[in-house]
Each structure stands twice: as structure tokens, then as C-alpha cells.
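Student: Below is a structure I'd like to ask you about.
There are 2 protein chains.
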Amino acid sequence: MVIVVKAGGRLIASPETRSRILSDIARLADSGEKIVFVHGGGDIVTEYSRKMGIEPRFVVSPSGIRSRYTGPEELEVYVMVMAGKLNKEIVAGLNHGANRAIGVTGADCSMLLAERKKRIIILNEKGRKQVIPGGYTGKIKSVNKECLDKLLEQVNIVVVSPLALGTEGELLNVDGDQAAASIATALQAKTLVLLTDVPGVILGDKVLEKIPLSQAETIAKKTGYGMNRKILMAAKAIENGVGAAIIAPGNTENPVTRALRGETGTRIEP
Amino acid sequence: MVIVVKAGGRLIASPETRSRILSDIARLADSGEKIVFVHGGGDIVTEYSRKMGIEPRFVVSPSGIRSRYTGPEELEVYVMVMAGKLNKEIVAGLNHGANRAIGVTGADCSMLLAERKKRIIILNEKGRKQVIPGGYTGKIKSVNKECLDKLLEQVNIVVVSPLALGTEGELLNVDGDQAAASIATALQAKTLVLLTDVPGVILGDKVLEKIPLSQAETIAKKTGYGMNRKILMAAKAIENGVGAAIIAPGNTENPVTRALRGETGTRIEP
Numbered sequence: 170m171v172i173v174v175k176a177g178g179r180l181i182a183s184p185e186t187r188s189r190i191l192s193d194i195a196r197l198a199d200s201g202e203k204i205v206f207v208h209g210g211g212d213i214v215t216e217y218s219r220k221m222g223i224e225p226r227f228v229v230s231p232s233g234i235r236s237r238y239t240g241p242e243e244l245e246v247y248v249m250v251m252a253g254k255l256n257k258e259i260v261a262g263l264n265h266g267a268n269r270a271i272g273v274t275g276a277d278c279s280m281l282l283a284e285r286k287k288r289i290i291i292l293n294e295k296g297r298k299q300v301i302p303g304g305y306t307g308k309i310k311s312v313n314k315e316c317l318d319k320l321l322e323q324v325n326i327v328v329v330s331p332l333a334l335g336t337e338g339e340l341l342n343v344d345g346d347q348a349a350a351s352i353a354t355a356l357q358a359k360t361l362v363l364l365t366d367v368p369g370v371i372l373g374d375k376v377l378e379k380i381p382l383s384q385a386e387t388i389a390k391k392t393g394y395g396m397n398r399k400i401l402m403a404a405k406a407i408e409n410g411v412g413a414a415i416i417a418p419g420n421t422e423n424p425v426t427r428a429l430r431g432e433t434g435t436r437i438e439p
Numbered sequence: 170m171v172i173v174v175k176a177g178g179r180l181i182a183s184p185e186t187r188s189r190i191l192s193d194i195a196r197l198a199d200s201g202e203k204i205v206f207v208h209g210g211g212d213i214v215t216e217y218s219r220k221m222g223i224e225p226r227f228v229v230s231p232s233g234i235r236s237r238y239t240g241p242e243e244l245e246v247y248v249m250v251m252a253g254k255l256n257k258e259i260v261a262g263l264n265h266g267a268n269r270a271i272g273v274t275g276a277d278c279s280m281l282l283a284e285r286k287k288r289i290i291i292l293n294e295k296g297r298k299q300v301i302p303g304g305y306t307g308k309i310k311s312v313n314k315e316c317l318d319k320l321l322e323q324v325n326i327v328v329v330s331p332l333a334l335g336t337e338g339e340l341l342n343v344d345g346d347q348a349a350a351s352i353a354t355a356l357q358a359k360t361l362v363l364l365t366d367v368p369g370v371i372l373g374d375k376v377l378e379k380i381p382l383s384q385a386e387t388i389a390k391k392t393g394y395g396m397n398r399k400i401l402m403a404a405k406a407i408e409n410g411v412g413a414a415i416i417a418p419g420n421t422e423n424p425v426t427r428a429l430r431g432e433t434g435t436r437i438e439p
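From first to last, the protein sequence lines stand for chains H and P.
If you're matching positions, the first sequence starts at 170 in the numbering used here and goes up one per residue.
If you're matching positions, the second sequence starts at 170 in the numbering used here and goes up one per residue.
Listed below in C-alpha cells is the structure:
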């Protein structure tokens, strides 16, 4: 049985938080857990884009959501930072002292196949709707479960960068939460842990300890965009066979262990 | 039985040559061959270093050999270009239409463990010998054969970027020819193919068709530095059980197939 852990870009950008998460994952792996670790890294991609003279572009959806725009130049930096710098720094750290990890992207062994978003609707500077080419962003359509299974026979941790293979053989930027939820579903993981920079799902001034699956949609509507998506993805993963999902803070000591023990975060379960 | 193919940075930097090599490897894989493909990429690392405002540094050894100096900033670009951009572009291309490849570095599953060169002797600007810190360059000490075997059970092509794991958990730049020869030896490959931008081992104005192992050292001495090293590494791999080694041109149609058939290049055999 596998645990799928995802850590967002803000957590990865802090060396201290990153190191806490990785130490915890290494310890869990050494105690025999099989882990797929999906990392984000958007903030670091932005930093390196600027170093290379490419000003990051963001677009705003009709519902007001701001997201990164990935043209060919942006994709190149995204691949270099995600699959190069971050994936290999993480793997090298995890393999210090013991052989624990192998690092891949969704393009490797065609692990994540995605469909490119051909066109997207954005709000232009005048606040009017406009259709533009979708760039190199994709939506995950399938997971090569067998490849992940085989990798997890060899090592206890598979580190996955959020990149997928498109139908034309192109690399595509995919959402890290979606990658983690898709992988958890394909592997029928026992737990999906989504680490964030907040303490969990917050309603009013209270962190919810649990969300019954039946209430996920109602509660999701009361939260902000990013959290809303996380709750709905987690709920869908559970409907499709994942044991439980926890939305938990990443910036504590032993963040994964504490979330698994129910000490932190918000647990969504069947 | 495995074929190990290495293609140097100049070949990889030419889109046309790269595409010829990859098409040929894909075809061989589709006919059932198991291939480890080690890619170079020094010229592209230099290009991206400059884009990021890092002027590449080169050092000259007492015997007059010029080589790249890898400080921490240079290592970062090296990792981003090799393990990120090149490895994933190559893997995505090979996986277009069929699941053929998985891409890794020597840090993944601790595949290549290396010892960092603590100090190196260089000639300084005044032509005097000087000892400087070795930077992030390593010499390969061991290969995780089992990991490579398992990956080759899953896919027909494993793409390897020339990076290794150091004893402190650090990433190290390693020589591509050395990586290929070490892997070929560990796997007891049937053939090691070193693709270059020359037609093979040239003596006078003639490309040698074959070099008997017994003459490798003598002939190596009569060639330039890069070729000298390639011949000695190939010879050592054969002494240690590799079936044959071919130093062959990469910029032809079907460069690997033609080399394997004996139509191009210089073959070193027991």
C-alpha cells in the first residue's frame, strides 16, 4: 500500500521546510512505507525565468483565477527547474546515506499522458473575455500504474515532477495536485497527503478536523479557489478508491507523520 | 544483452543529428534491443550558463588539457540542462507513439556513485602549476547494476544524464564516456558504441576499421587527448567483459545501426 504526498511550491522554496518534509519522508521510507512524492516549485520557476530574462506571464480566467501561462520559453525553464534542479536535488538528498529514491517525470515510461489545452478563455486587460492558445499546459488523462509499481519495487520513494507527455510527444506542465490525485487513484493509495502552507481547511477561524465525503462539495464552495480545488480533487480520489486524503500543513516538524497520525490538517474520508 | 550508446555534446547540440540518433535508437528498441543511452550536452550547458549570466570557466591541466570547471553555480546549470532540458526532451521524443524510455541520472536509485575530486592541479595564467578545489566533478566508483536491469525490464531504453551521487549526497558532474564505459562494464554489455563528431579513430588520413585490444594502448598514444581517452576507456571495458566497443560517427543516417553492422567507425574487440 502506497502513500502519495504532494508538497506545493511555497513549501519547496523554503530550504528549512523542504528539509523537514524530506527528512520525514526518508524516515517513513526507512520504516517500510512506499511513497510517491509529487513536488511543486512554481515560485522557483518564476525566479529562474527572470534569471534567464523571461518575464513570467500570468493569465486571469473569467472567474478571476490567476494562473501561470506556459509558452515554449516558459516550458523550457519549467522543465529545467522541475525535472532538473528540483527533482535531482530532492533525489540526491534522499539518497544520501541509503538508496531510497528514484526521480522521474510523467514523460518517463509515459507515466502521465495528458491532453493539451488547445485554447483557453481569459479576461484581457480591458476585462473582456478573449480566447488565446492554451500553451504547454495539459490535463492528465492516464497513469501508467505498472511503471510506478515496478519503480516502487526497487526503491521506497518515487519523486515525480509535475510534467506529462502530450499526444504529439511534447512535454506539458500539469497541476501538481492533479498529478498526485491521479497517481493516488491509479495506485489505489491508502492515503493522499496534500501538504500546503496553511494548517488545513479553515472555515471561519477554525481548522476542520474532518470532512465527511458527503459534505466535501458543500464545504469546498465556502473556501477559496486553491483550497476548493484541493478538496474536490481529494473527494474524487476517495470516490475512486483512495483510502483517505489529508490536507495538512507542510511547515511543521515531521509534517507527513503528524498528518497521518491525525495530529494536523483536515482529513477527508469515505 | 544490452547495447550502451553514448553521444557527445556536439552531436546533441545539432537538432538534425540528435534526431537521426534518436530515430535509430527508437528503431533498434522496437526491434527488441535493450539500450542504455548516455547523452552529453556540454555546448548546451555553456549556452544556458551564459543566458543565466554565468560565464563558463575552463581550466588547463599541466598536460595542456582544457576542461570545464564546475563550481556550485555551474553545477546548478549543468543539472538543469542535463537532467532537465536534455534528458526530458530526449525521453519525450522517444516516447512519442510508443512507451520506450525512462530517463534518469546517476543520482537516481544511487545508480552511479562517484568520488569528488577534492583538489585539482591546473596551470594558472602565468603558466605555473597551482592546486585549486576540484569543484563538483567526480570519478565514478560504482554502478547499481540491479537498478539498471530492472529499468530495462520495464522499457527498452534507459536515458542516462552524466551526473553521479557523491559521498556527501551531492550531485557531481561526471564524464559521459566514463559513465557509458562504467555502465557497459557493470551490465556486461554486448557492445559499447561511442558516437563522436569524427568518422572514428584516424591515423594519418585513414579511419582504422579495427583495433585489436593488444594494440589499443600503442594506437591511443598516437591520437589526440579526447580520442586517446575514448580508446583507453573502451579497451578497459573490453578487458572487463564488454563484448566490443565501436568509436563511430554520430552525424550519419542510422549511426548506431551502421556502426553495429561494421559499416562505419573503428571497432575495438578482444
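Ideal Cβ positions, reconstructed from N, Cα and C, are used throughout, including at glycine.
All of these numbers come straight from a predicted model, not from anything done at the bench.
1. Got a sec? Which residues, its chain only, sit under 8 Å from residue 260(P) by beta carbon, not counting five neighbours each side?
2. Classify residue 299(H) as helix, strand or coil using the three-state DSSP reduction.
3. Evaluate residue 325(H) with the Cβ neighbour count: other Cβ atoms within 10 Å of its Cβ, from every protein chain shown; 16 or more gives buried, anything less gives exposed.
4. From residue 451(P) to residue 414(P), what does the alpha carbon distance come to, in whole angstroms?
5. So within the region 346-430 of chain H, which uninterrupted alpha helix (DSSP H) runs reach at least 4 residues, ignoring any that extend past its ends?
6. For a contact meaning CB atoms closer than 7 Å, what does residue 274(P) contact in chain H?
7. Just grab the DSSP bridge partners of residue 333(H) for me.
8. Between the alpha carbons of residue 257(H) and residue 374(P), how many angstroms are there, rounded?
9. Comparing C-alpha positions only, which one of 196(P), 239(P) and 253(P) sits nearest to residue 214(H)?
10. Are the CB atoms of residue 251(H) and residue 210(H) nearer to each other than 8 Å?
11. Taking its Cβ as the centre, do 16 or more other Cβ atoms sit within 10 Å of residue 330(H), making it buried, or is it exposed?
12. Leaving out the 5 sequence neighbours to the left and right, which residues in its chain are closer than 6 Å to residue 225(P) when beta-carbon positions are compared?
13. I want to see whether chain P comes within less than 8 Å of residue 279(H), judged by CB atoms only; does it?
14. Taking the alpha-carbon positions, what's the residue 370(P) to residue 392(P) distance?
15. Compare the C-beta of residue 437(P) against all C-beta atoms of chain H and say whether one is closer than 8 Å.
16. Taking DSSP's pairing of strands, which residues face residue 311(H) in a bridge?
17. Consult DSSP for residue 224(P) and reduce its assignment to one of helix, strand or coil.
18. Is there contact here, the region 192-201 of chain P with the region 232-252 of chain P, by at least three beta-carbon pairs under 8 Å?
19. Using a cut-off of 8 Å between C-beta atoms, extract the partners of residue 245(H) located in chain P.
20. Per DSSP, residue 260(H) forms a beta bridge with which residues?
21. Is the distance from the Cβ of residue 348(H) to the Cβ of residue 411(H) below 8 Å?
22. Around the Cβ of residue 201(H), are there at least 16 other Cβ atoms within 10 angstroms (buried) or fewer (exposed)?
23. So the beta strand (DSSP E) residue 234(P) belongs to, where does it begin and stop?
24. Apart from the five residues just before and just after residue 418(H), which ones in its own chain have a Cβ nearer than 6 Å to its Cβ?
25. From which residue to which residue does the beta strand (DSSP E) around residue 269(H) run?
26. On the criterion of 16 or more Cβ atoms from any shown chain inside 10 Å, does residue 243(H) qualify as buried, or is it exposed?
27. CB of residue 357(H) to nearest heavy atom of the ligand NAP: below 7 Å?
28. When you check each C-beta in the region 192-219 of chain P against every C-beta of chain H, which residues fall closer than 9 Å?
29. Excluding sequence positions up to five away, which residues of its chain have a Cβ less than 6 Å from the Cβ of residue 355(P)?
30. Any idea if residue 394(P) is buried or exposed, counting beta-carbon neighbours within 10 angstroms, 16 or more meaning buried?
31. Return the CA-CA distance between residue 249(P) and residue 220(P), expressed in angstroms with no decimal places.
32. Over what stretch of residues does the alpha helix (DSSP H) that includes residue 185(P) continue unbroken?
33. Does residue 271(H) get closer than 8 Å to chain A when you measure Cβ to Cβ?
34. Going by alpha carbons, who is nearest to residue 207(H) out of 300(H), 341(H) and 172(H)?
35. Taking 8 Å as the CB-CB cut-off, is residue 338(P) touching chain H?
36. Using beta-carbon positions only, say whether residue 284(P) and residue 308(P) come within less than 8 Å of one another.
Tutor: Walking through what the data contain:
1. 270, 271, 272 and 328
2. strand
3. buried
4. No statement about residue 451(P) is possible, as the shown extent of chain P runs from 170 to 439 and does not include it.
5. 385-390, 394-408 and 424-429
6. 257
7. 341(H)
8. 44 Å
9. 253(P)
10. yes
11. buried
12. 215 and 218
13. yes
14. 8 Å
15. no
16. 282(H)
17. coil
18. no
19. 254
20. Looking at the DSSP assignment, residue 260(H) forms no beta bridge with any residue, so it has no partner.
21. no
22. exposed
23. That residue, residue 234(P), is in no beta strand (DSSP E); it is neither H nor E in DSSP.
24. 368 and 433
25. Here residue 269(H) belongs to no beta strand (DSSP E), and DSSP marks it neither H nor E.
26. buried
27. With respect to small molecules bound, the structure shown includes none, and the ligand NAP cannot be examined in it.
28. 217
29. 312 and 314
30. exposed
31. 13 Å
32. 184-199
33. The question asks about chain A, but that chain is absent: this structure's protein chains are H and P.
34. 172(H)
35. yes
36. yes
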